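Please read the structure below before turning to the comments.
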Amino acid sequence: MNIYSIANNQLTQLVRDKVVASLGLLILFLLGVSIITGISYYSEMAEQHQQAEELARIQWENQGDKNPHSAAHYGTFAFKPVTVLSVFEPGVDRYTGVSIFLEGHRQNFAAFSLAEDKDSSRRFAELTPAFIFAYLFPLFIILAGYRSITAEKESGMYRFLKSQGVSSSQLIAGKTLGLWAVILLIYIPFLLIGLIFLIITGAFGESLAGFLLMGIVWLLYFGVIAHITITISALAKSSGSSMVVLLSLWILSTLLVPRLITNVASGVHPVPNTSEFYQAVRTDLLEGIDGHNPYSEHSVAFRDSVLAAHGVDDVADLPFNFRGMMLQEGEEFEKKIYDHHFAKIDEIHRAQNRLFSISSFLSPTIAARMSSMAVAGTDMHAFNHFSAEAEAYRIELVRELNMDLKINAVGDRAAGYTAGADFFAQNIAFTYERPASVFINSSQLMPLFISLLWFVASILILGVAARKNEEVQ
Amino acid sequence: MIEINDLTKSFGSTVAVKDLKLNVAKGEIYCLLGANGAGKTTTINLLLNLVQPENGTAKIGGLNAADEPLKTKEKLTYIPENLALYPSLSGVENLRFFCGLSGIKLSDSDAVSYLMEAGLQEEAAHKRVGGYSKGMRQKVGIALAIARSSEVLLLDEPTSGLDPAASSDFATLLTNMKERGSAVLMATHDLFRAKETGTKIGIMNKGSLVEELDAADVTHSDLEKIYLNHMRA
């Protein structure tokens, strides 16, 4: 009864507090603006994605009669669809790019250089719901709650409440619930708008689990901030010192630690720039077959082994087109080289991500942001999944082209062989689909787990603050 | 109703209350006089169980405050010098909140009735207490005591800073509470109010009760002399 009365009282006071009410309305306004701009961005990107995907396919199918290997060089694009949840949490999508040019012999980075733009330092910016939740909403919670207990002590209310039989635990629990109620007053409308948006876009079924999880992630984060705010207010000697401590913690969690970890991650696990990357690839490629150079040492050795295996002296006597075979052989060798180098880049990013995950222990903001990006399908894991799918498609498409050359460009058709529109129309098309499960791999669970730990720990410190306050008069 | 026996409390090397013996019966207003630091507020804090005694007992309605703090607090209302109220709530809302803490659900009209009984105008009862004078705030405290049917009132310098009219109004309210059967313990510096309102007067000095008088037996000037003699001793 006491806890409910105190919570209700706290809610009434906060709603009537002009500063808190104004800030709450400002947050709601900013959320509204961010959702509108997010929906606009999503709609534009979804439309562009569809148009670009259709155009790329039309161009592929209508490239005219062409040698299949020339078509491999002509290339096509793979486009990563924007997820509905990117409206709320765009994550790294805007920095990693959403399209990859697919061509023979070469695995490309996404538009906006992967090696440079995947730098984790750019993960924290822009007016989006996620940005507001991660950075501005905690400020609102702090401003709404920093005086919760100190003001009671400063006004003498604390003694008066104790004289009424209210314990410290009841006071702290009531104040915490009151602060929660204010948070929910702002957060619930956001959740409802989000659900309506999912229904309108027809993504309710596929995105509901992710959206709800995202909702829980942010709620855990707000809980952590609210609990820490009440704890500091309970332990501080004055409202002023409570505010100073809380703002310092906010700066640490949202600005300093992420910046510091970004610098450490870049320093400990540096990502090579694009030119260094391709130089290393080029060096390794010289060690194998070049499908376009039949006179290289490796190509000659391969040709001799094929001729020997078929018991002929000339490639013209082979029952298939040797060039098609050699191009495919070169492609497979190049794939190994690219896989090797991309795996290195991938390992660097994994190491950076691990560092970020671990740093979540220092900053609940990092934990919440990483969890939010994971469930929205806009983190690096999601991007890497798309890249891997695009690369698998590229390999298969080039194999189809080389096989056509190998099988059909024989005998008197070998010279000037071309494939027509019918052939290109039947080539496999790329359509990316995210995995059905919210999480792509288990490492994405780590920040979520740490968010939960933060939440539990914040409740525990509330308990400690309550016990300490029992001794305060 | 209030029984204090051999109560002792020290803070470090400072003895705040020493072997205090004091009783306040139903329908009695006991005024505790003393200089700053005499031990008046500590005595009230011990009754409220805000501090723990080293020795002795402080009982309310037969219950030891240290052993059964919640039960004893149910029986009393405490009004400090500056009654803390929530400024953004009205008098009615404050009263409903504080009664709610005791499990008493008041309707708005009930709350208005209690506030008016304590001397507040109906219009003022609906206004936010941020604009209340000190006297009006103290009246909310009295309304709380009435609403809770408190058997005991603990008052710590309640008339300090009140203008004479407000102080007189407050004294009238205390007399009403006495007539309802409440036991009132009031710590005060105000000799005049103690003599006018109290039924019994105790003088504390350096933590000890050095004199106990029936208010009816002394004149204002005698009380002043006795008080000053103890303070200068």
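Chains as they are written, first to last, in this note's numbering: chain R, 1 to 473; chain H, 474 to 706.
The beta carbon of each residue, even a glycine, is placed where N, CA and C say it ideally should be.
As the structure is a computational prediction, the values presented were derived from the model and not from experiment.
- Counting of Cβ neighbours within 10 angstroms places Ile-3 of chain R among the buried residues, the total reaching 16 or more.
- Interface annotation, Thr-12 of chain R: in contact with chain H, CB-CB separation under 9 Å.
- With its beta carbon at least 9 Å from every one in chain H, Arg-147 of chain R lies outside the interface.
- Across the set H:Asn-522, H:Asn-702, H:Asp-663, H:Met-677, the C-alpha of H:Asp-663 shows the shortest separation from the C-alpha of Thr-632 of chain H.
- At least one CB atom of chain R sits nearer than 9 Å to the CB of Leu-627 of chain H.
- With a beta-carbon spacing of about 5 Å, Gly-512 of chain H and Met-677 of chain H fall inside the 8 Å limit used to define contacts.
- The CB of Pro-553 of chain H comes closer than 9 Å to the CB of Gly-156, Arg-159, Phe-160, Ser-163 in chain R, given here in chain order.
- The three-state reading of DSSP puts Gly-507 of chain H in strand, counting E and B together.
- Contact of Val-166 of chain R with chain H by beta-carbon distance below 8 Å involves Leu-574.
- Under a 10 Å Cβ-count criterion, Val-166 of chain R is classified as buried, with 16 or more other Cβ atoms of the shown protein chains found around its own Cβ.
- Counting along the chain, the unbroken alpha helix (DSSP H) around Glu-61 of chain R starts and ends at 18-61.
- When secondary structure is reduced to three states using DSSP, Arg-610 of chain H falls in the helix class.
- Among the CB atoms of chain H, one or more fall inside 9 Å of the CB of Ile-6 of chain R.
- In chain order, Glu-126 place their CB closer than 8 Å to the CB of Arg-94 of chain R, counting only its own chain and leaving out the 5 sequence neighbours on each side.
- Three or more beta-carbon pairs separated by less than 8 Å link the segment 497-507 of chain H to the segment 668-676 of chain H, which places the two stretches in contact.
- A buried status is given to Glu-89 of chain R, since no fewer than 16 other beta-carbon atoms sit within 10 Å of its beta-carbon.
- Thr-661 of chain H: member of the beta strand (DSSP E) spanning 656-661, first to last residue.
- Val-497 of chain H is positioned such that its CB atom lies no closer than 9 Å to that of Val-683 of chain H.
- Per the DSSP secondary-structure output, Ser-483 of chain H pairs in a beta bridge with H:Val-488.
- Separation of Leu-362 of chain R and Leu-260 of chain R (C-alpha to C-alpha, rounded to the nearest whole angstrom) is 11 Å.
- Counting C-beta atoms within 10 angstroms of its own C-beta, Arg-303 of chain R has 16 or more neighbours from the protein chains shown and is therefore classed as buried.
- In this structure, the alpha-carbon of Lys-532 of chain H lies about 52 Å from that of Leu-136 of chain R.
- Excluding the 5 residues flanking it on each side, Phe-133 of chain R has same chain C-beta neighbours closer than 6 Å at Trp-218, in chain order.
- Taking a Cβ-Cβ threshold of 7 Å, the residues of chain H close to Asn-2 of chain R are Leu-574, in chain order.
- For Glu-630 of chain H, no CB of chain R lies under 9 Å from its own CB, so it is not counted at the interface with that chain.
- Remark: three or more beta-carbon pairs, one from each stretch, lie closer than 8 Å, so the segment 235-254 of chain R and the segment 137-152 of chain R are flagged as touching.
- Spatial neighbours of Thr-76 of chain R in its own chain (CB-CB distance under 7 Å, excluding positions within 5 residues in sequence) are listed in chain order as Ala-56, Trp-60, Leu-102.
- Straight through space, the alpha carbons of Ala-584 of chain H and Ile-475 of chain H are spaced by roughly 28 Å.
- Neighbourhood of Arg-16 of chain R in chain H, by CB distance below 7 Å: Ser-561, in chain order.
- In the structure shown, Phe-430 of chain R adopts coil according to DSSP, grouped into three states.
- In the pairwise beta carbon analysis, the segment 398-410 of chain R is classified as touching the segment 59-74 of chain R: at least three pairs are separated by under 8 Å.
- Of the candidates R:Val-15, R:Lys-344, R:Ile-228, R:Ile-358, R:Lys-344 places its Cα closest to the Cα of Pro-270 of chain R.
- Rounded to the nearest angstrom, the Cβ distance from Lys-491 of chain H to Thr-481 of chain H is 6 Å, consistent with a contact under 8 Å.
- It is roughly 12 Å from the alpha-carbon of Ile-196 of chain R to the alpha-carbon of Ile-39 of chain R.
- According to DSSP, Ser-563 of chain H shares a beta bridge with H:Arg-601.
- Inside the segment 378-440 of chain R, DSSP marks whole alpha helix (DSSP H) runs of 4 or more residues at positions 380-408, 421-426, from first to last along the chain.
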